[in-house]
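Colleague:
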Amino acid sequence: MAKIPAKHEYIARRRVARKLSLMAFYQWHINASEFSEILSYYQQDEDMAADLRKADASYFQKLVEQAIDDADEIDEIIKPFLDRELSQVGPIEHSVLLLATVELQHHLDVGYKTVVNEWVNLCKRFGPEKSYKFINAVLEKLVMKLRHTELTDSP
Numbered sequence: 001m002a003k004i005p006a007k008h009e010y011i012a013r014r015r016v017a018r019k020l021s022l023m024a025f026y027q028w029h030i031n032a033s034e035f036s037e038i039l040s041y042y043q044q045d046e047d048m049a050a051d052l053r054k055a056d057a058s059y060f061q062k063l064v065e066q067a068i069d070d071a072d073e074i075d076e077i078i079k080p081f082l083d084r085e086l087s088q089v090g091p092i093e094h095s096v097l098l099l100a101t102v103e104l105q106h107h108l109d110v111g112y113k114t115v116v117n118e119w120v121n122l123c124k125r126f127g128p129e130k131s132y133k134f135i136n137a138v139l140e141k142l143v144m145k146l147r148h149t150e151l152t153d154s155p
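First residue of the sequence shown: 1, per our numbering; consecutive thereafter.
So, in structure tokens, the structure goes:
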């Protein structure tokens, strides 16, 4: 059996971390649970624990904690780029936008194209039909604001 190259494993673990962070943040968003309760559930539930072992657990925790801690400030960053009131944005889309914004702001080691692609794909998987188009449009505008130097430095 061929060994998976380290880079591919790293990418896969980050992808699982994003998926789990979406699920955890959605849970926080809907139930207002403490992150420690959510994490405890993820560690104790057999299926969730198995997924957590496949994830970059540290990245998962950072994304969720930063999104929870900075939710109000992130909402203010997002609002100008919405074509509707924030209250009209569904909980999955809102969670995606908050987590993607955290990644764009605080995880500069991840290229903006990767951030947009990963979160759009998660929205395709978990969000309402065609909501990914809305997410893509908002994230592209956020990239212009949050990663403008990365855009100008690109060839």
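The beta-carbon is built from N, C-alpha and C at its ideal position, and this holds for glycine as well.
(1) Is the number of C-beta pairs between the region 42-53 and the region 75-92 that are closer than 8 Å three or more?
(2) Using the C-alpha atoms, what's the distance from Phe81 back to Ile135?
(3) Looking at the structure shown, is Asp109 part of a helix, part of a strand, or coil, going by DSSP?
(4) How long is the line joining the alpha carbons of Phe126 and Asn117, rounded to whole angstroms?
(5) With 16 other CB atoms within 10 Å as the buried threshold, where does Glu93 fall?
(6) Assuming Ala55 and Arg13 make a contact with CB atoms under 8 Å, what is their CB distance in whole Å?
(7) Between the alpha carbons of Ile38 and Ile30, how many angstroms are there, rounded?
(8) Hey, Val64 and Ala24 are a contact pair by Cβ (cut 8 Å); roughly how many whole angstroms apart?
Modeller: From the atom records:
(1) no
(2) Your numbering for residue 135 matches position 135 in the sequence shown. Your numbering for residue 81 matches position 81 in the sequence shown. So the two alpha carbons sit approximately 10 Å from each other.
(3) Residue numbering aside, residue 109 sits at position 109 when the sequence shown is read from its first letter. Three-state result, Asp109: coil.
(4) Walking along the sequence shown from the start, residue 126 turns up at place 126. Walking along the sequence shown from the start, residue 117 turns up at place 117. Taking the straight line from one Cα to the other gives about 14 Å.
(5) To locate residue 93, count along the sequence shown from 1; it is residue 93. With 16 or more neighbouring CB atoms inside 10 Å of its own CB, Glu93 falls in the buried class.
(6) Counted from its first residue, the sequence shown places residue 55 at position 55. Counted from its first residue, the sequence shown places residue 13 at position 13. Confirmed, about 6 Å.
(7) Working through the sequence shown from its first residue, we reach residue 38 at position 38. Working through the sequence shown from its first residue, we reach residue 30 at position 30. Roughly 12 Å between the two C-alpha positions.
(8) Reading the sequence shown from its first residue, position 64 is the one you call residue 64. Reading the sequence shown from its first residue, position 24 is the one you call residue 24. Yes, Val64 and Ala24 are in contact; Cβ-Cβ is about 5 Å, under 8 Å.
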